[in-house]
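Asker: I have a structure here, written as structure tokens, and I will follow up with some questions on it.
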Amino acid sequence: MNFRYYWSIFLRRLPYFLVVASVIGAASVIIAMALPPAYVSSMKLIVESPRIPDELAASTVRTPAPEQLQIIEQRLLTRANLLEIANRQNVFEDPSVMTADRIVAGMQARTVIKISTGRNEVALMEISFEGPSGASAAGVLNEYLTLIQKEDVQSRTGRATQTLEFFRKEVDRLSEALAERSAQILDFKTKNVDVLPDTLDFRLNQQALLQERLAQLNRDLAVLNSQRSRLIDIYETTGQVSGNRTPNQTPEQLELVGLRRELNQALAIYSTTNPRVKLLEARIKQLEEQAGSMPQLVEESEPQSGNLLLDVQLAELDSRIAASEEQKNDLSPQLDELRRTINQTPEKQIRLDDLELDYQHIERQYNAAVESLARASTGERIEVTAQGQRVSVIEPPIAPSSPTKPNRMMIAGGGSLFGILAGIGLIALLELLNRTLRRPEDLVAKLDIRPLATIPYIPTSGEVMRFRVLRLLRMFVIVVGVPAAVYAVHVFYQPLDLLAERVMDKIGIRW
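Per the working numbering, residue 215 is the first one in the sequence shown, and the count goes up by one each step.
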């Protein structure tokens, strides 16, 4: 690498380098000297765990600590909050000439928030603010602290109250739904009391007893009709009536004795409310009434055959046949009604099961809502009394006694270094774009020919003197004039420190 060649190029492009480096360096120095002093105040916040263990009573507001700090940060740096705090604390010298956007951008650039979280570590938030004075910086942080604590309390109590109110409404809604379903079930049972599944076994037993009684009546009718026919046949054949019954031993009395014996046997097994016992008692009562009216029937009956004994026995048989027919006619509608209700029971049972299943489903929801309401009430009480998770300050803001910023040496030195690098970069760019042939090597590389010799331009002594004078003059103009021009712009046109403030507010970095 031919350093002499590159040095010659640098000297040839030196004016460009000086212009760039002078402009940037002068601007950096002016800005470093003109920037007003800045005071930085800071505070530290932590997220404390609930004071009451979750095993005893848990809060219904369960926000992870990192998420809670991020929410606080976003709500703190809202446009309305920043504008209000900036005006109240006089953060800017002349806010009347600044737009609202510039004020918000300036407040955001001056506010630095660092959130530190980790597994099994306390969530920590550090907030710092750069102000024109120590009191202003501390005042802004105190405003921030008030907003953070107020927002934290309002947010947690508000969410707990909303949760409690939600479950209260849910319990009321489910309570009304339970009452509605209960009324539907009651109305259904009232309208279908004869076909409910609860009485199916009773109706089946009653049906069996009535069927047995109907079969017995049919057998009794067959026997009575057979006796009547045989009695008439005997009388027509012999002219006499045979019988071994005495007036005190009528068939009703004999049947009554048998039914009473059967009733005594049934009472030894069943209770007095058993359907079979009630049926036997009703039959005994009916036979007792028939037995009491039999003499009157005999007395009122007129002889039909001329044989008093035959007429009495025929009247007795006819009375028993009529009574059996009447009982049979009474039993048939009852059996039909029982069959109808028994056949309708499965359909009604399905409908009743649906209603009860719906009721049970709502009842489970109601019980769960009541339990949730109790937990929500406890959680709301925890938040109202500030016993849950909360944000606390461990290092309050303090007004600094000496300015913290700007770092004038860093701004001036860094700006000058940047100007030098920018000038070198400009020279490199110009050379990359320049295709002029300056060396024999360039001639060989471009034309692919090797010259026998190269003769450079040899200036005269006068030309050398004029060239040196012009170079020195240009360097003087650049070194002196460019910084002077930059300073003139700073003084008479646009203060560079204000321009730097805008740039820092725009990019969000403060030096």
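Think of the CB as a built atom: it goes at the ideal place given N, C-alpha and C, for glycine as much as any other residue.
Cβ atoms of glutamate 597 and arginine 373: under 9 Å apart, would you say?
Answerer: Here residue 373 refers to the residue found at position 159 of the sequence shown. Here residue 597 refers to the residue found at position 383 of the sequence shown. A contact, by the Cβ cut-off of 9 Å.
Asker: Per DSSP, what are the beta-bridge partners of lysine 328 in this structure?
Answerer: For this step, residue 328 is matched to residue 114 along the sequence shown. Paired residue(s): Glu340.
Asker: Classify isoleucine 663: buried if its beta carbon has 16 or more other beta carbons within 10 angstroms, exposed otherwise.
Answerer: Taking the sequence shown and counting its residues from 1, the one referred to as residue 663 is at position 449. With fewer than 16 other Cβ atoms within 10 Å, it is exposed.
Asker: How big is the Cα-Cα spacing for glutamate 516 and alanine 480?
Answerer: Here residue 516 refers to the residue found at position 302 when the sequence shown is read from its first residue. Here residue 480 refers to the residue found at position 266 when the sequence shown is read from its first residue. Caution is warranted here: a pLDDT of 42 is assigned to glutamate 516, below 50, making its placement in the model unreliable, and the coordinate value is therefore given only provisionally. Computed Cα separation, rounded: 41 Å.
Asker: Near arginine 226, which residues of its chain fall below 6 Å by C-beta distance, leaving aside the five closest residues on each side in sequence?
Answerer: Position 12 of the sequence shown, counted from the first residue, corresponds to residue 226. Closer than 6 Å at the Cβ level, and outside the excluded window around arginine 226, lies no residue.
Asker: Could you pull the start and end residues of the alpha helix (DSSP H) that lysine 619 belongs to?
Answerer: Sequence index remark: in the sequence shown, residue 619 carries index 405 (1-based). Careful: lysine 619 lies outside any alpha helix (DSSP H) and carries neither H nor E.
Asker: Helix, strand or coil for tyrosine 230, going by three-state DSSP, please let me know.
Answerer: One-based indexing of the sequence shown puts residue 230 at position 16. The answer is helix: DSSP assigns tyrosine 230 an H, G or I state.
Asker: DSSP puts valine 254 in a beta bridge; with which residues?
Answerer: Counted from its first residue, the sequence shown places residue 254 at position 40. Valine 254 pairs with Glu344.
Asker: Could you give the residue range of the beta strand (DSSP E) that holds glutamate 298?
Answerer: Numbered from 1 along the sequence shown, position 84 holds the residue referred to as residue 298. Looking at the DSSP string, glutamate 298 is not in any beta strand (DSSP E); the run it does join, the alpha helix (DSSP H), is 293-303.
Asker: Between the Cα of alanine 314 and the Cα atoms of Leu296, Thr325, Gln303 and Val326, which residue gives the shortest distance?
Answerer: If you number the sequence shown from 1, residue 314 lands on position 100. Among Leu296, Thr325, Gln303 and Val326, the Cα nearest to that of alanine 314 belongs to Leu296.
Asker: For arginine 604, which three-state DSSP category applies?
Answerer: If you number the sequence shown from 1, residue 604 lands on position 390. DSSP places arginine 604 in strand when its eight states are reduced to three.
Asker: May I ask you to report which of helix, strand or coil DSSP gives glutamate 262?
Answerer: One-based indexing of the sequence shown puts residue 262 at position 48. Correct three-state label for glutamate 262: strand.
Asker: Between which residues of its own chain and valine 491 is the CB-CB distance below 8 Å, once the five residues before and five after are set aside?
Answerer: By one-based count along the sequence shown, residue 491 stands at place 277. The answer, listed in chain order, is Leu477, Ala480, Leu481, Tyr484 and Ser485.
Asker: Secondary structure at glutamate 551, three-state DSSP: helix, strand or coil?
Answerer: By one-based count along the sequence shown, residue 551 stands at place 337. Residue state, collapsed to three classes: helix.
Asker: Give me the Cα-Cα distance between threonine 650 and lysine 619, rounded to the nearest whole angstrom.
Answerer: Indexing the sequence shown from 1 puts residue 650 at position 436. Indexing the sequence shown from 1 puts residue 619 at position 405. Spanning the two alpha carbons is a distance of roughly 49 Å.
Asker: For glutamate 615, which of Gly348, Phe231 and Val261 has the nearest alpha-carbon?
Answerer: Taking the first residue of the sequence shown as position 1, residue 615 is located at position 401. Residue 615 is actually serine in this sequence, not glutamate. For serine 615, the nearest C-alpha among the options comes from Gly348.
Asker: DSSP three-state call for proline 517: helix, strand or coil?
Answerer: Here residue 517 corresponds to residue number 303 of the sequence shown, with the count starting at 1. Because the pLDDT of proline 517 is 42, which lies under 50, any placement of that residue in the model is unreliable, and the number read from its coordinates should be weighed accordingly. It is coil, neither helix nor strand.
Asker: Please indicate yes or no: does the CB of serine 440 lie closer than 8 Å to some heavy atom of the ligand FMN?
Answerer: As far as ligands go, the structure on display features none, and thus does not contain the ligand FMN.
Asker: Among residues of its own chain, excluding the 5 on either side of alanine 300, which ones have a beta-carbon nearer than 7 Å to its beta-carbon?
Answerer: Within the sequence shown, numbered from 1, the residue matching residue 300 stands at position 86. So the list reads Phe306, Pro309, Ile317 and Met321, once near-sequence residues are dropped.
Asker: If you follow the alpha helix (DSSP H) that arginine 664 is part of, which residue opens it and which one closes it?
Answerer: As a working note, residue 664 is residue 450 in the sequence shown. Per DSSP, arginine 664 belongs to no alpha helix (DSSP H) and is neither H nor E.
Asker: For leucine 473 versus isoleucine 498, is the C-beta spacing smaller than 9 Å?
Answerer: The sequence position of residue 473 within the sequence shown is 259, counting from 1. The sequence position of residue 498 within the sequence shown is 284, counting from 1. For leucine 473 and isoleucine 498, yes; Cβs fall inside 9 Å.
Asker: Could you compute how far the alpha carbon of serine 396 sits from the alpha carbon of isoleucine 576?
Answerer: Working through the sequence shown from its first residue, we reach residue 396 at position 182. Working through the sequence shown from its first residue, we reach residue 576 at position 362. C-alpha separation (whole angstroms): 11 Å.
Asker: Which of the three DSSP states is assigned to glutamate 594 in this structure?
Answerer: What you label residue 594 is simply residue 380 of the sequence shown in a count that begins at 1. Glutamate 594: helix per DSSP, three-state reduction.
Asker: Quick one, are the C-beta atoms of glutamine 430 and proline 489 less than 9 Å apart?
Answerer: Residue mapping note: residue 430 aligns to position 216 of the sequence shown, counting from 1. Residue mapping note: residue 489 aligns to position 275 of the sequence shown, counting from 1. No.
Asker: If you draw a straight line from the C-alpha of serine 330 to the C-alpha of alanine 582, how long is it?
Answerer: Translated into positions along the sequence shown, residue 330 becomes position 116. Translated into positions along the sequence shown, residue 582 becomes position 368. Rounded to the nearest angstrom, the two C-alpha atoms are 39 Å apart.
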